[in-house]
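Chemist:
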Amino acid sequence: MQIKRITVFGGSQPKLEDPVYQDALRLGGLLGKAGYTILNGGYIGTMEAVSRGAVESGGHVIGITCDEIERWRPGGANRWIQEEIRYPTIRERMFALIDNCDAAIALPGGFGTLTEIAMMWNLIICGAIKPRPLIVTGPGWKATFEEFFTSLGIYIHGDQRQWLIFSPDVDTAFHLLVERL
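Residue numbers (the working numbering): 82 to 262.
1) Look at the Cβ atom of Ile145, then the Cβ atom of Gly113, and state whether they are nearer than 8 Å.
2) Count the C-beta pairs between the stretch 167–177 and the stretch 133–153 that are closer than 8 Å, then say yes if the count reaches three, no if not.
3) Would the beta-carbon of Ile205 fall within 8 Å of that of Trp244?
4) In the DSSP output, which residue or residues are listed as bridge partners for His141?
5) Tell me Phe90's beta-bridge partners as DSSP assigns them.
6) Among Gly191, Asp250, Pro212, which residue has its Cα nearest to the Cα of Gln94?
7) In the structure shown, what three-state DSSP assignment does Leu262 receive?
8) Does the stretch 129–146 touch the stretch 154–161, meaning 3 or more C-beta pairs lie closer than 8 Å?
9) Quick one: give me the first and last residue of the beta strand (DSSP E) that Ile166 is part of.
Here it is, written out as structure tokens:
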């Protein structure tokens with residue numbers, strides 16, 4: 082049986098003392114202990130936390146990095162990345178995170194995380210990629226998408242909404258992932 086690859090999207094802002102960082106650390110530990118390979122953006126914040134949690138629990142982490150981000154914000158892959166795959170552009174990096182996973186979990190984040198969620202969701206809807214679990218975690222994402230559905234719901238058919246799986250926390254996200262793989 083092939084080891085499943087789980088992409089974890091999330092923000093670069095959280096620091097060690099932040100609850101979101103601690104949640105990402107916990108998620109990484111759960112994924113690593115369960116034997117999944119974790120893919121993430123490879124840098125700081127939730128990416129670092131998930132990587133650390135996975136490595137400390139015996140998991141394998143692949144960081145997908147890119148030249149454009151490092152020109153914008155200097156700094157390389159976090160120290161917990163065990164394997165780095167580098168691309169020239171953010172677009173190539175995002176597609177590598179989406180195309181090379183069996184499922185994805187989105188933690189809280191900003192524009193980049195929202196873009197990753199929206200792109201993966203759209204690719205699933207259009208049939209450009211095989212459907213796979215796309216779990217969005219936390220009350221912020223739920224509120225964001227509920228407002229989106231309320232304000233622009235005419236453009237998002239009910240059958241398209243099924244591809245977003247909402248989770249209140251990382252423990253539930255992990256259990257939803259296990260159920261769906």
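Every residue gets a Cβ at the ideal spot worked out from N, C-alpha and C, and that includes glycine.
Modeler: Working from what's here:
1) Stepping through the sequence shown from its first residue, residue 145 is reached at position 64. Stepping through the sequence shown from its first residue, residue 113 is reached at position 32. It is not a contact, given that the beta carbons lie outside the stated cut-off.
2) Counting Cβ pairs under 8 Å, three or more are found: they touch.
3) The count along the sequence shown starts at 1 and reaches residue 205 at position 124. The count along the sequence shown starts at 1 and reaches residue 244 at position 163. For Ile205 and Trp244, yes; Cβs fall inside 8 Å.
4) As a working mapping, residue 141 is identified with position 60 in the sequence shown. Note: His141 sits in a beta bridge opposite Thr118.
5) For this step, residue 90 is matched to residue 9 along the sequence shown. For Phe90, which the question treats as bridged, DSSP gives the partners Ala187.
6) Numbered from its first residue, the sequence shown carries residue 94 at position 13. Minimum Cα distance to Gln94 is reached at Gly191.
7) The sequence position of residue 262 within the sequence shown is 181, counting from 1. In this structure, DSSP gives Leu262 a state outside helix and strand, which the three-state scheme calls coil.
8) Counting Cβ pairs under 8 Å, three or more are found: they touch.
9) Residue 166 sits at position 85 when you count from the first residue of the sequence shown. Start and end: 164–168.
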